[in-house]
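Remarks on the structure that follows.
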Amino acid sequence: MNTETDPVAPRYITHIRRLALPQPFSGSLWSEPVKIMKDVWLEIKDGQILRIGPEGQPAPPDENDSEAFNADGMMVTPGLIDAHTHPIFVDSRQAEFVRRCRGETYQQIAADGGGIITSIRGVRAADQEKLSGLILERLDGFLNFGVTSIEAKSGYGLSFEDELKSLRALQKSAEDHPVEVSPTLLAAHVVPPEFQDNPDGYVDLICRDIIPQ
51 MNTETDPVAP RYITHIRRLA LPQPFSGSLW SEPVKIMKDV WLEIKDGQIL
101 RIGPEGQPAP PDENDSEAFN ADGMMVTPGL IDAHTHPIFV DSRQAEFVRR
151 CRGETYQQIA ADGGGIITSI RGVRAADQEK LSGLILERLD GFLNFGVTSI
201 EAKSGYGLSF EDELKSLRAL QKSAEDHPVE VSPTLLAAHV VPPEFQDNPD
251 GYVDLICRDI IPQ
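Per the working numbering, residue 51 is the first one in the sequence shown, and the count goes up by one each step.
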């Protein structure tokens, strides 16, 4: 919930069971435990916290107030940051995770046609609209877990057209979404199949064509 840009964001958050307050609010790094306040409410204006009050002191707004959001005894924290994500893909590779848990190596899985190559095939076969819809679902998922800022990599297209398609799909999905997205071009994720015998040629493609665009 972005209380600074969202016109319908609440002015108050009430019935907070635990409020996490990392300190200091700006400046140098802080290694002390996060401060936890119990049974409080917040007053917010223009994205800034104006007051933190114990429940009933002073009296918070009525829970039916249109400007109030009832946290219903939940915990409230600053938005979380995920600094390493790959949201631009089509099909999950969760079956490979099971294989890894059973002791198989990534190289063994890749030799069977799995691994990153699986994701490359999916992204190349999808159009931009499909990718954008899938990314949007994943951004919603991040938000549901309290993540409000992410770094998001490409790297499953690995051709001029498909990396550009991936980043455009990401841009479209992020335009009006409350999660803040910082895109990263990961064109050198791996050497794509068509350049297996010419990896230097792929590096040249990245430097000459993909990055300038």
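Note that beta-carbon positions come from the ideal geometry of N, C-alpha and C, so glycine has one too.
Inter-residue spacing [alpha-carbon to alpha-carbon] between residue i and residue j
{"i": "H134", "j": "E230", "result": "13 Å"}
{"i": "L130", "j": "Q98", "result": "17 Å"}
{"i": "L69", "j": "I159", "result": "44 Å"}
{"i": "D141", "j": "E179", "result": "15 Å"}
{"i": "T234", "j": "D212", "result": "14 Å"}
{"i": "R258", "j": "L186", "result": "31 Å"}
{"i": "E201", "j": "D132", "result": "7 Å"}
{"i": "H65", "j": "G123", "result": "5 Å"}
{"i": "P262", "j": "R149", "result": "39 Å"}
{"i": "S209", "j": "I260", "result": "8 Å"}
{"i": "V90", "j": "T127", "result": "13 Å"}
{"i": "R67", "j": "N120", "result": "11 Å"}
{"i": "L181", "j": "D190", "result": "14 Å"}
{"i": "M87", "j": "L220", "result": "37 Å"}
{"i": "G196", "j": "A224", "result": "16 Å"}
{"i": "Y156", "j": "V253", "result": "23 Å"}
Whole-angstrom C-beta distance between residue j and residue i, which should lie under 8 Å
{"i": "H239", "j": "I138", "result": "Contact doesn't hold; Cβ gap of about 11 Å is too wide."}
Coarse secondary structure for residue i, derived from DSSP in three states
{"i": "F147", "result": "helix"}
{"i": "E154", "result": "coil"}
{"i": "F119", "result": "strand"}
{"i": "I261", "result": "coil"}
{"i": "T127", "result": "coil"}
{"i": "V140", "result": "coil"}
{"i": "A219", "result": "helix"}
Own chain residues within Cβ distance below 8 Å of residue i, not counting five before or after
{"i": "K85", "result": "A70, L71, P72 and Q73"}
{"i": "R101", "result": "L92 and E93"}
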